[in-house]
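These notes concern the structure reproduced below.
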Amino acid sequence: MKDRLVTRGYCFILAANFLLFFGFWLLMPVLPFYLLEEFGADKATIGVVLSCYTVAGLCIRPFSGYLLDTFARKPLYLLAYFIFTAMFAGYLVAGTLTVFILFRIIHGVSFGMVTVGGNTIVIDIMPSSRRGEGLGYYGLANNLAMSTGPMMGLFLHDAGVSYTIIFCCSLGACLLGFLCASAVKTPYKPPVKREPISLDRFILLKGLPGGISLLLLSIPYGMTTNYVAMYARQINIQASTGFFFTFLAAGMAVSRLFSGRLVDKGKITQIIMAGLYVVVISFFLLSACVYVIQWNSAFCTVLFFCIALMLGVGFGTMFPAYNTLFVNLAPNNQRGTATSTYLTSWDVGIGIGMLAGGYIAEISTFDKAYLVGACLTIVATLYFKMKVTPHYHKNKLR
């Protein structure tokens with residue numbers, strides 16, 4: 008009976024997570040065009056507006072971990088989910104760029120809380136022996152949303168569908184996701200003694216080395232998810248860039264099928280290193296597409312989508328391993344803090360990637376931005392191998 012309840016709750020949280028990220032990813036590649044066409048924003052301004060979301064999420068992440076470790080998790084999760092959903096309606100009535108930025112900031116704050124809450128609830132309801140696998144399939148829901156969301160958004164945009172309809176699609180998906188989230192049954196969490204406020208209640212200090220390596224990786228990832236459609240248009244790739252996200256998610260989905268089980272067998276650092284090697288190669292190839300297309304456009308188009316598949320395999324391999332790495336460095340009463348530190352590191356890099364990508368493209372071109380990102384992945388790989396791996400094996404608790 009207990010296993011059945013766990014399975015049912017896990018299915019509901021998977022559905023809620025998928026629909027939340029579907030609404031999120033549906034708008035992700037469309038927003039740069041919306042800001043350009045509706046408000047006349049330049050590339051640098053677009054980068055600032057998009058990054059407001061991530062910066063806001065970053066600011067709430069450490070506090071969300073503390074709140075989730077201290078109070079009942081499900082009510083906080085549902086409140087954040089509701090606010091996140093409501094902000095799609097806010098976009099519909101934002102008549103000026105200033106108002107849009109305000110809603111974007113509120114959206115980011117709610118996203119920071121709801122994603123930490125969802126990850127922590129998954130850790131709570133899954134048996135410890137299957138935690139890596141559970142996180143892997145939970146992340147797979149993100150990947151499925153990543154494959155269908157951006158593709159749907161770009162197809163609707165390319166077909167001339169109004170931005171109002173696109174925003175309503177995101178709103179409808181998240182409303183349905185909120186209903187699924189409400190149906191999740193979480194285990195009883197007894198009241199905990201509220202310890203004195205200290206830095207390690209907001210940030211997992213032992214996770215900082217891993218956070219630095221993850222941050223360096225997420226900078227080029229942020230550039231890719233937000234600007235790859237513009238990059239493809241800049242270098243004149245004729246195929247629909249919506250398929251880039253489909254291949255990206257397909258690669259993540261394939262890698263999730265085995266990476267979570269390997270993580271449960273203790274091969275955490277080995278899995279991350281393997282993913283790092285794939286990602287390094289992928290970003291250098293992505294930056295080289297501007298030259299490849301001048302030689303053979305058909306080959307460049309195929310390479311472009313192969314890069315998406317490789318990036319998916321690389322990041323999909325690393326995500327559950329990184330998440331488990333942070334959790335294994337924290338005591339049980341700091342699971343929320345561990346998860347928020349993991350996601351905070353990711354968000355910092357995404358925000359830097361949005362800003363840096365827009366700025367570099369404004370003064371140069373997108374291929375130069377991706378070349379910078381590729382160099383950062385090399386730094387991340389070296390740092391993980393020389394610093395993070397020995398630190399983890401010395402300090403892990405399980």
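Adding 7 to a residue's 1-based position in the sequence shown gives its number in this note's numbering.
Built from N, CA and C at the ideal position, the CB exists for glycine as well.
Computed from a predicted model, the values in this text were never measured in an experiment.
Near residue i, what residues of its chain come up, given a Cβ to Cβ distance below 8 Å and the 5 sequence neighbours on each side ignored?
| i | result |
| --- | --- |
| residue 31 | 118, 152, 156 and 177 |
| residue 385 | 287 |
| residue 25 | 148, 149, 151, 152 and 184 |
| residue 204 | Low local confidence applies: a pLDDT of 49 at residue 204 is under 50, so the model's placement there is unreliable, with the coordinate-based value given in what follows. Within the same chain, residue 204 has no close Cβ partners at all. |
| residue 171 | 99 |
| residue 23 | 88, 125, 184, 185, 187, 188 and 191 |
| residue 381 | 227, 287, 290, 291, 293 and 294 |
| residue 173 | 33, 34, 37, 160, 163 and 164 |
According to the neighbour-count rule (16 or more other Cβ atoms, all chains shown, within 10 Å of its Cβ), is residue i buried or exposed?
| i | result |
| --- | --- |
| residue 145 | buried |
| residue 393 | exposed |
| residue 302 | exposed |
| residue 116 | buried |
| residue 341 | buried |
| residue 264 | exposed |
| residue 328 | buried |
| residue 80 | buried |
| residue 166 | exposed |
| residue 284 | exposed |
| residue 213 | buried |
| residue 389 | exposed |
| residue 371 | exposed |
| residue 82 | exposed |
| residue 58 | buried |
| residue 61 | buried |
| residue 18 | exposed |
| residue 127 | buried |
| residue 298 | exposed |
| residue 71 | buried |
| residue 103 | exposed |
Could you name the residues of the same chain whose beta carbon sits closer than 7 Å to that of residue i, not counting the 5 residues immediately before and after it, in chain order?
| i | result |
| --- | --- |
| residue 110 | 94, 97, 98 and 101 |
| residue 276 | 396 and 399 |
| residue 369 | 49, 50 and 51 |
| residue 42 | 48, 53 and 56 |
| residue 236 | 36, 161 and 248 |
| residue 266 | 143, 278, 323, 324, 327 and 328 |
| residue 64 | 115, 116, 118, 119 and 354 |
| residue 232 | 35 |
Apart from the five residues just before and just after residue i, which ones in its own chain have a Cβ nearer than 6 Å to its Cβ?
| i | result |
| --- | --- |
| residue 391 | 220 |
| residue 378 | 294 |
| residue 317 | 285 and 289 |
How many whole angstroms separate the CB atoms of residue i and residue j, which I take to be in contact at a CB cut-off of 8 Å?
| i | j | result |
| --- | --- | --- |
| residue 222 | residue 356 | 4 Å |
| residue 300 | residue 367 | About 19 Å; that fails the 8 Å criterion. |
| residue 28 | residue 149 | 5 Å |
| residue 123 | residue 346 | 5 Å |
| residue 225 | residue 360 | 7 Å |
| residue 279 | residue 129 | Contact doesn't hold; Cβ gap of about 20 Å is too wide. |
For residue i, verify whether its CB is less than 7 Å away from any heavy atom of the ligand GDP.
| i | result |
| --- | --- |
| residue 121 | The ligand GDP is absent from the structure shown, which contains no ligands of any kind. |
Every unbroken alpha helix (DSSP H) within the segment 306-363, with a cutoff of 4 residues, ordered by chain
none
Whole runs of the beta strand (DSSP E) within the segment 71-100, excluding any shorter than 3 residues:
none
Mind pulling the alpha helix (DSSP H) runs of 4 or more residues that sit fully within the segment 13-54?
38-46
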